[in-house]
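Asks:
There are 2 protein chains.
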Amino acid sequence: MRRHYITIKDIARELAISVSTVSRALRDAYDVNPKTREKVLAKAMELNYKPNFNAIGLVQSQSHHIGVLMPAITNYYFSTVFTGIEQVANANGYSLIVFITNDSAEREQAILQDLSLSSLDGLLVSVSSQADSYAHFEELIRNGIPVVFFDRVADAVLTSKVMQDDYHGAYEATQHLIDQGYRRIAHLAGPAGLTFTLKRRKGYEDALTNNGLPVRSAWVIHSGFSQECGFEDVARLWTLAEKPDALFAVNDRKAIGAMLALKERKVQIGKEVGVIGFTNDPMSQIISPTLTTVAEPAFEIGKLSCELLMKHMTRKNFEAQEVILPARLIVRESTRR
Amino acid sequence: MRRHYITIKDIARELAISVSTVSRALRDAYDVNPKTREKVLAKAMELNYKPNFNAIGLVQSQSHHIGVLMPAITNYYFSTVFTGIEQVANANGYSLIVFITNDSAEREQAILQDLSLSSLDGLLVSVSSQADSYAHFEELIRNGIPVVFFDRVADAVLTSKVMQDDYHGAYEATQHLIDQGYRRIAHLAGPAGLTFTLKRRKGYEDALTNNGLPVRSAWVIHSGFSQECGFEDVARLWTLAEKPDALFAVNDRKAIGAMLALKERKVQIGKEVGVIGFTNDPMSQIISPTLTTVAEPAFEIGKLSCELLMKHMTRKNFEAQEVILPARLIVRESTRR
DNA sequence: GTGGTTTTCGGTAACGTTCTCGCTACTTTA
DNA sequence: TAAAGTAGCGAGAACGTTACCGAAAACCAC
Numbered sequence: 001m002r003r004h005y006i007t008i009k010d011i012a013r014e015l016a017i018s019v020s021t022v023s024r025a026l027r028d029a030y031d032v033n034p035k036t037r038e039k040v041l042a043k044a045m046e047l048n049y050k051p052n053f054n055a056i057g058l059v060q061s062q063s064h065h066i067g068v069l070m071p072a073i074t075n076y077y078f079s080t081v082f083t084g085i086e087q088v089a090n091a092n093g094y095s096l097i098v099f100i101t102n103d104s105a106e107r108e109q110a111i112l113q114d115l116s117l118s119s120l121d122g123l124l125v126s127v128s129s130q131a132d133s134y135a136h137f138e139e140l141i142r143n144g145i146p147v148v149f150f151d152r153v154a155d156a157v158l159t160s161k162v163m164q165d166d167y168h169g170a171y172e173a174t175q176h177l178i179d180q181g182y183r184r185i186a187h188l189a190g191p192a193g194l195t196f197t198l199k200r201r202k203g204y205e206d207a208l209t210n211n212g213l214p215v216r217s218a219w220v221i222h223s224g225f226s227q228e229c230g231f232e233d234v235a236r237l238w239t240l241a242e243k244p245d246a247l248f249a250v251n252d253r254k255a256i257g258a259m260l261a262l263k264e265r266k267v268q269i270g271k272e273v274g275v276i277g278f279t280n281d282p283m284s285q286i287i288s289p290t291l292t293t294v295a296e297p298a299f300e301i302g303k304l305s306c307e308l309l310m311k312h313m314t315r316k317n318f319e320a321q322e323v324i325l326p327a328r329l330i331v332r333e334s335t336r337r
Numbered sequence: 338m339r340r341h342y343i344t345i346k347d348i349a350r351e352l353a354i355s356v357s358t359v360s361r362a363l364r365d366a367y368d369v370n371p372k373t374r375e376k377v378l379a380k381a382m383e384l385n386y387k388p389n390f391n392a393i394g395l396v397q398s399q400s401h402h403i404g405v406l407m408p409a410i411t412n413y414y415f416s417t418v419f420t421g422i423e424q425v426a427n428a429n430g431y432s433l434i435v436f437i438t439n440d441s442a443e444r445e446q447a448i449l450q451d452l453s454l455s456s457l458d459g460l461l462v463s464v465s466s467q468a469d470s471y472a473h474f475e476e477l478i479r480n481g482i483p484v485v486f487f488d489r490v491a492d493a494v495l496t497s498k499v500m501q502d503d504y505h506g507a508y509e510a511t512q513h514l515i516d517q518g519y520r521r522i523a524h525l526a527g528p529a530g531l532t533f534t535l536k537r538r539k540g541y542e543d544a545l546t547n548n549g550l551p552v553r554s555a556w557v558i559h560s561g562f563s564q565e566c567g568f569e570d571v572a573r574l575w576t577l578a579e580k581p582d583a584l585f586a587v588n589d590r591k592a593i594g595a596m597l598a599l600k601e602r603k604v605q606i607g608k609e610v611g612v613i614g615f616t617n618d619p620m621s622q623i624i625s626p627t628l629t630t631v632a633e634p635a636f637e638i639g640k641l642s643c644e645l646l647m648k649h650m651t652r653k654n655f656e657a658q659e660v661i662l663p664a665r666l667i668v669r670e671s672t673r674r
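Just so you know, the protein sequences line up as chains A and B, in that order.
Mapped onto the numbering used here, the consecutive letters of the first sequence carry residue numbers 1 to 337.
Mapped onto the numbering used here, the consecutive letters of the second sequence carry residue numbers 338 to 674.
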């Protein structure tokens with residue numbers, strides 16, 4: 001289905017001037033008489049001229065598109081990060097192309113494989129859980145397409161990364177539980193392959209150790225990010241002879257799943273068993289008792305990632321940066337005895 | 338920043354054949370010897386050739402991009418619709434360009450104004466709350482770029498639309514409240530300008546009327562979609578001499594805001610005042626008491642919208658369709674006496 | 001006036017691909 | 001064996017724009 005639109009040729013013909021002049025007039029005023037420029041602009045408006053980005057992209061070998069590759073969009077964290085990205089991208093005249101991996105490494109590989117190098121000026125990425133090959137990212141960077149990681153970063157790839165302070169957030173969360181008098185603290189961890197899973201686990205373990213508490217491997221369970229996972233993790237923990245008296249979950253969804261499982265067992269949340277999450281998903285304020293959590297600056301992470309990407313795209317040799325944004329403990333009812 | 342990639346010219350040169358032949362070999366086998374085709378494919382793989390979509394788009398005047406214009410992405414409904422869209426688009430080799438209006442009519446106008454006709458093959462739209470000018474959409478369609486509306490549709494524009502059954506969903510919800518013995522039913526409605534706001538309101542009013550109950554304008558409050566709006570609506574209602582004994586909210590977020598306001602007033606939800614929402618946001622199962630709601634088939638709406646758009650894009654004169662997907666009442670604790 | 005700048009503009013190639021047409025060489029048909 | 005058909009390939013234009021370079025026109029100083 002071919003279509004024909006108004007082009008600068010049409011404007012040039014109507015005004016009896018050359019295409020080059022129209023082209024220049026439409027961009028900066030450089031090398032063009034103000035009067036001519038006015039005429040061109042007026043005519044363009046009159047004919048409702050819209051630039052053809054394919055042609056511009058072809059000659060300039062750029063697309064004004066930024067890719068966003070994420071595991072999902074249907075949750076508070078990612079959709080909020082995305083909103084931050086959108087704000088910056090829009091302000092700079094870039095459009096966003098979204099790719100959802102559904103946490104599937106195959107899907108991620110397929111997307112990166114199909115990616116036309118010419119269709120993207122830059123890429124923002126939060127890697128899928130089990131991604132193990134980062135060759136595609138390095139190839140992109142080698143080809144001059146900057147990549148910036150956020151949240152779930154690929155350590156091995158040398159480029160800018162933006163994340164929250166997973167280690168200290170987890171440490172603070174665990175310390176808070178200890179301060180509240182909980183002693184048998186379990187950790188509902190994320191998939192073992194991810195960097196931030198390990199960071200949060202490390203924060204948890206160090207807090208225990210520094211407080212003279214033992215780290216018990218039976219109380220650390222690695223599973224997915226979903227509410228169901230949290231629910232099942234509790235089911236597993238509650239088969240143990242010695243049950244925990246507090247749970248630190250890798251995110252709020254799992255914490256909520258855990259709370260539902262505890263409610264089913266008639267366990268008093270807060271009093272008997274403390275629960276703490278990570279993210280500050282709006283759900284954490286809705287559930288009863290309200291969930292203590294570690295707030296992530298999701299919107300800021302989105303903004304900053306996109307800003308960094310812009311710098312990588314415009315400056316020739318912008319040095320890669322790793323930015324770690326602070327996480328903030330928010331105490332609510334689920335950890336109040 | 339200009340970059341150079343592998344092109345079909347490179348393949349042609351290395352194989353000492355013409356560009357035309359390479360081009361044909363890379364697409365369908367038509368008019369090209371299987372052996373030649375094999376050689377080209379092998380060389381393309383070896384050189385890691387990626388097609389330049391700008392060039393293809395330029396000559397074919399299409400982009401393989403679909404635009405998605407939505408008020409927001411940070412909520413269950415829209416992010417789920419988007420996931421449905423993504424699935425279909427991806428399966429058909431289209432990329433998605435996302436535009437977020439933040440429910441601002443100005444923003445929506447600006448986006449549509451800037452839209453290059455050549456950068457999109459089709460557009461999926463859920464209009465912003467107060468949008469009043471639909472000229473842009475009609476212009477797109479006139480220019481051969483199909484538009485499909487979902488959820489928040491622009492009635493006046495003649496094109497395909499996909500939505501849930503707002504009227505009957507609202508009717509059922511209200512009928513359910515009446516069946517449970519509630520008689521003084523208020524409606525926390527959405528912004529007055531939107532079609533689906535009016536449909537839900539009509540369903541509510543008809544259910545009252547058909548059951549011999551009066552429609553009282555003081556009990557119908559139009560405001561935004563947010564949780565805070567629901568909270569404030571209750572504050573207003575509770576200043577009335579005669580307070581309602583049930584609330585039907587236009588969506589779950591508002592219903593939840595209302596529940597929080599009721600909890601603050603120590604009102605027993607379910608027993609004293611029934612509350613019912615619309616959407617089936619996962620939050621509705623988390624809050625306590627759990628929220629009765631009308632489930633919208635968000636994922637299906639996304640899939641179907643994109644499928645319809647595909648048909649508009651590929652078939653020359655595909656006739657516009659209006660699809661209304663059924664909504665389903667889900668009874669939970671907030672309406673059980 | 002003369003020579004030299006500066007301002008303003010036009011011609012042309014290029015970007016990577018597809019498309020249309022035409023040519024050659026081989027195969028089939030009568 | 002000649003005519004007709006077919007398979008396979010190449011040349012060149014086209015898509016809409018920008019980039020580069022040179023030329024004309026206008027201005028300026030002496």
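From the three backbone atoms N, C-alpha and C, an ideal C-beta is built for every residue, glycine too.
Does the stretch 58-78 of chain A come close enough to the stretch 281-301 of chain A to have 3 or more Cβ pairs within less than 8 Å?
Replies: Yes, they touch.
Asks: List in chain order: all unbroken alpha helix (DSSP H) runs of 4+ residues lying wholly within the stretch 168-250 of chain A.
Replies: 195-210 and 227-237, all fully within the stretch 168-250 of chain A.
Asks: Terminal residues of the continuous beta strand (DSSP E) containing ARG665(B)?
Replies: If you number the second sequence from 1, residue 665(B) lands on position 328. 665-667 is the extent of the beta strand (DSSP E) around ARG665(B).
Asks: If distances are taken between C-alpha atoms only, which option among ARG107(A), PRO326(A), GLN285(A) and GLU108(A) comes closest to GLU172(A)?
Replies: By one-based count along the first sequence, residue 172(A) stands at place 172. Measuring from the Cα of GLU172(A), the nearest candidate turns out to be PRO326(A).
Asks: Of all the beta strand (DSSP E) runs that stay within the bounds of the stretch 265-329 of chain A, which reach a length of 3 or more residues?
Replies: Correct list: 274-276, 293-295 and 322-325.
Asks: Pull up the CB-CB distance for LEU449(B) and VAL484(B), whole angstroms please, since I reckon it's below 8 Å.
Replies: Looking up residue 449(B) in the second sequence gives position 112. Looking up residue 484(B) in the second sequence gives position 147. Not quite, the Cβ-Cβ distance comes to about 10 Å (not below 8 Å), so this is no contact.
Asks: Ignore the nearest five residues each way along the sequence and tell me which others in VAL19(A)'s own chain have a CB closer than 7 Å to its CB.
Replies: Along the first sequence, read from residue 1 onward, the residue named residue 19(A) stands at position 19. Once the five neighbours on either side are set aside, the close Cβ partners of VAL19(A) are ILE8, LYS9 and ALA12.
Asks: Measuring CA to CA, which of ILE624(B), ASN385(B), PRO528(B) and GLY506(B) is closest to ALA544(B)?
Replies: Along the second sequence, read from residue 1 onward, the residue named residue 544(B) stands at position 207. ALA544(B) has its Cα closest to that of GLY506(B), out of ILE624(B), ASN385(B), PRO528(B) and GLY506(B).
Asks: Of all the residues that make up the stretch 188-205 of chain A, which are near chain B by a beta-carbon distance shorter than 9 Å?
Replies: Answer set for the stretch 188-205 of chain A: empty.
Asks: Whose CA, out of ALA583(B), TYR541(B) and SER465(B), lies closest to the CA of THR672(B)?
Replies: Here the question's residue 672(B) lines up with position 335 in the second sequence. It is ALA583(B) whose Cα lies nearest to the Cα of THR672(B).
Asks: Identify the contact partners of LEU456(B) in chain A, using a Cβ-Cβ distance below 7 Å as the criterion.
Replies: Residue numbering aside, residue 456(B) sits at position 119 when the second sequence is read from its first letter. Per the sequence shown, the amino acid found at residue 456(B) is Ser instead of Leu. Near SER456(B) (Cβ distances below 7 Å), the residues of chain A are PHE53.
Asks: Near THR616(B), which residues of its chain fall below 7 Å by C-beta distance, leaving aside the five closest residues on each side in sequence?
Replies: On the second sequence, position 279 is the one that residue 616(B) refers to. Closer than 7 Å at the Cβ level, and outside the excluded window around THR616(B), lie TYR413, TYR414, ASN588, ASP589, THR630 and GLU633.
Asks: To the nearest angstrom, how far is the alpha carbon of GLY527(B) from that of LEU433(B)?
Replies: Sequence index remark: in the second sequence, residue 527(B) carries index 190 (1-based). Sequence index remark: in the second sequence, residue 433(B) carries index 96 (1-based). Roughly 29 Å between the two C-alpha positions.
Asks: Closer than 8 Å, CB to CB, is THR411(B) near chain A or not?
Replies: Residue numbering aside, residue 411(B) sits at position 74 when the second sequence is read from its first letter. Chain A, which has a Cβ nearer than 8 Å to the Cβ of THR411(B), makes this yes.
Asks: Is it right to say ASP28(A) is buried, meaning 16 or more other beta carbons lie within 10 angstroms of its own, or is it exposed?
Replies: To locate residue 28(A), count along the first sequence from 1; it is residue 28. The residue is exposed, with fewer than 16 neighbouring Cβ atoms inside 10 Å.
Asks: With 8 Å set as the bound, which would you pick, yes or no: does the beta-carbon of GLY459(B) sit closer than that to a beta-carbon of chain A?
Replies: As a working note, residue 459(B) is residue 122 in the second sequence. Cβ-Cβ to chain A under 8 Å: no for GLY459(B).
Asks: Over the uninterrupted beta strand (DSSP E) stretch that includes ILE111(A), give me the two end residues.
Replies: Translated into the one-based positions of the first sequence, residue 111(A) becomes position 111. Taken as a continuous stretch (DSSP letters only), ILE111(A) belongs to no beta strand (DSSP E), being part of the alpha helix (DSSP H) at 105-114.
Asks: For chain A, is any of its Cβ atoms less than 8 Å away from the one on VAL435(B)?
Replies: Here residue 435(B) refers to the residue found at position 98 of the second sequence. So yes, VAL435(B) belongs to the interface.
Asks: Smallest Cα separation from LEU194(A): which of ASP166(A), ASN211(A), ARG265(A) and PHE82(A)?
Replies: In the first sequence, residue 194(A) corresponds to position 194, counting from 1. Of ASP166(A), ASN211(A), ARG265(A) and PHE82(A), the residue nearest in Cα terms is ASP166(A).
Asks: Pull the bridge partners of PHE43(A) from the DSSP assignment, please.
Replies: Against the first sequence, residue 43(A) aligns to sequence position 43. Looking at the sequence provided, one finds Lys at residue 43(A) rather than Phe. Per DSSP, none; premise fails for LYS43(A).
Asks: If distances are taken between C-alpha atoms only, which option among ALA91(A), LEU26(A), VAL162(A) and TRP238(A) comes closest to ALA186(A)?
Replies: Residue numbering aside, residue 186(A) sits at position 186 when the first sequence is read from its first letter. The residue with the shortest Cα to Cα distance from ALA186(A) is TRP238(A).
Asks: Give a yes or no on whether the minimum CB-CB distance between TYR134(A) and chain B is below 8 Å.
Replies: Walking along the first sequence from the start, residue 134(A) turns up at place 134. By this cut-off, TYR134(A) is not an interface position.
Asks: Three-state secondary structure (DSSP) at HIS401(B)?
Replies: Taking the second sequence and counting its residues from 1, the one referred to as residue 401(B) is at position 64. Three-state DSSP puts HIS401(B) in coil, outside helix and strand.
Asks: If you draw a straight line from the alpha carbon of TYR182(A) to that of MET259(A), how long is it in whole angstroms?
Replies: Here the question's residue 182(A) lines up with position 182 in the first sequence. Here the question's residue 259(A) lines up with position 259 in the first sequence. Each residue's alpha carbon lies about 16 Å from the other.
Asks: My assumption, with CB atoms under 8 Å, is that GLY203(A) sits in contact with THR174(A). Please give the rounded CB distance.
Replies: Taking the first residue of the first sequence as 1, we reach residue 203(A) at position 203. Taking the first residue of the first sequence as 1, we reach residue 174(A) at position 174. Yes, they are in contact, since the Cβ atoms of GLY203(A) and THR174(A) sit about 7 Å apart, within 8 Å.
Asks: What residues from chain A crowd round GLY684(B), counting only those whose CB sits closer than 7 Å?
Replies: Residue 684(B) lies beyond the range of chain B shown here (338 to 674); nothing can be said about it.
Asks: Is THR496(B) near ALA657(B), with beta carbons less than 8 Å apart?
Replies: Mapped onto the second sequence, residue 496(B) falls at position 159. Mapped onto the second sequence, residue 657(B) falls at position 320. Yes, the Cβ-Cβ distance between THR496(B) and ALA657(B) is below 8 Å.
Asks: Could you check where the alpha helix (DSSP H) with SER360(B) kicks off and where it finishes?
Replies: Counted from its first residue, the second sequence places residue 360(B) at position 23. 356-363 is the extent of the alpha helix (DSSP H) around SER360(B).
Asks: For the ligand ATP, I want to know if VAL22(A) counts as a neighbour, meaning its beta carbon is within less than 7 Å of at least one of the ligand's heavy atoms.
Replies: By its list of ligands, the structure shown contains no ligand whatsoever, and the ligand ATP lies outside what it can speak to.
Asks: Do VAL425(B) and GLU659(B) have their CB atoms nearer than 8 Å?
Replies: Position 88 of the second sequence, counted from the start, is the residue given in the question as residue 425(B). Position 322 of the second sequence, counted from the start, is the residue given in the question as residue 659(B). It is not a contact, given that the beta carbons lie outside the stated cut-off.
Asks: Any C-beta of chain A within less than 7 Å: which residues of the stretch 371-391 of chain B qualify?
Replies: Here the close residues are LYS387, PRO388, ASN389, PHE390 and ASN391.
Asks: Return the residues of the stretch 636-660 of chain B that lie within a Cβ-Cβ distance of less than 7 Å from chain A, sorted by chain order.
Replies: From the stretch 636-660 of chain B, no residue has a Cβ closer than 7 Å to chain A.
Asks: Hey, how far is the Cα of LEU291(A) from the Cα of LEU47(A)?
Replies: Here residue 291(A) corresponds to residue number 291 of the first sequence, with the count starting at 1. Here residue 47(A) corresponds to residue number 47 of the first sequence, with the count starting at 1. Near 58 Å, if we compare the C-alpha coordinates of LEU47(A) and LEU291(A).
Asks: What would DSSP say about SER128(A), mapped onto helix, strand or coil?
Replies: Taking the first sequence and counting its residues from 1, the one referred to as residue 128(A) is at position 128. It is coil, neither helix nor strand.
Asks: Against chain B, which members of the stretch 77-93 of chain A pass a CB distance test of less than 9 Å?
Replies: Against chain B - using a Cβ distance shorter than 9 Å - the residues of the stretch 77-93 of chain A are PHE78, SER79, THR80, PHE82, THR83, GLU86, GLN87, ASN90 and GLY93.
Asks: Find the nearest neighbour of VAL157(A) within the set GLN164(A), SER223(A), TYR134(A) and ARG328(A), judged by alpha-carbon distance.
Replies: Sequence index remark: in the first sequence, residue 157(A) carries index 157 (1-based). The candidate whose alpha carbon is nearest that of VAL157(A) is TYR134(A).
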